[in-house]
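Taking it in order: structure first as structure tokens, then the write-up.
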Amino acid sequence: MAEIIKETVTTEDDSAKTVIVTPGKNEATASQRREYYVYYLLGAVEILLAFRLVLKLMGASLSSGFVQMIYGLTGVFVLPFEGIFRKGFAQGIETTSVIEPATVVALIVYAVLAWGIVKLIRIFSGEEQTTD
305 MAEIIKETVT
315 TEDDSAKTVI
325 VTPGKNEATA
335 SQRREYYVYY
345 LLGAVEILLA
355 FRLVLKLMGA
365 SLSSGFVQMI
375 YGLTGVFVLP
385 FEGIFRKGFA
395 QGIETTSVIE
405 PATVVALIVY
415 AVLAWGIVKL
425 IRIFSGEEQT
435 TD
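What follows is the structure in structure tokens.
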């Protein structure tokens with residue numbers, strides 16, 4: 305994303321060479337900062353959705369405050385994908401594991417959405433794009 309530029313100044317004295325190296329300042333451009341924000345926000349959503357997926361698979365108890373918080377925060381992000389596939393249930397001795405395909409679909413969709421938004425930011429930024 306960012307390019308590090310190094311400036312080198314060379315001067316000559318009698319027979320000895322003196323080299324002074326001044327590191328260039330590396331700051332993100334405005335479009336790069338926008339890209340970082342998009343990745344940060346949607347990355348946080350992805351982490352919460354991953355927690356939800358693991359908690360559902362392990363049959364976490366709804367009486368836990370942490371579980372309620374994760375389900376409450378991620379419910380809005382999973383809601384558009386509910387009903388695409390049926391949920392799968394696996395009855396255990398003490399808990400019931402839930403295989404929730406809507407969460408997996410949400411993880412994929414939000415990852416692709418983040419990638420697409422960043423690509424659009426790069427296109428509309430007007431900056432020269434380099435291939436890495």
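Sequential numbering of the sequence shown, starting at 305, is according to my numbering. Even glycine gets a Cβ: it sits at the ideal position worked out from N, Cα and C.
- In the DSSP assignment, residue 400 falls within the unbroken beta strand (DSSP E) covering 400 to 403.
- In its chain, beyond the 5 residues on either side, 414 and 418 have a beta carbon closer than 6 Å to the beta carbon of residue 346.
- Cβ-Cβ distances below 8 Å link residue 339 to 305, 422, 425 and 426 in the same chain, with the five nearest sequence neighbours on each side left out; the list follows chain order.
- Linking residue 407 to residue 431 through their CA atoms gives a straight-line distance of about 36 Å.
- Residues of the same chain with a CB within less than 8 Å of the CB of residue 381, apart from the 5 flanking positions on each side, are 349, 352, 353, 410 and 414 in chain order.
- One thing to note: residue 362 has its Cβ no nearer than 9 Å to the Cβ of residue 333.
- Between residue 356 and residue 375, the C-beta spacing is below 9 Å.
- Take residue 385, set aside five residues on each side of it, and the residues of its chain with a beta-carbon closer than 6 Å to its own are 406, 409 and 410, in chain order.
- A Cβ-Cβ separation of about 4 Å places residue 402 in contact with residue 360 under the 8 Å criterion.
- Here the alpha carbons of residue 335 and residue 378 stand approximately 28 Å from one another.
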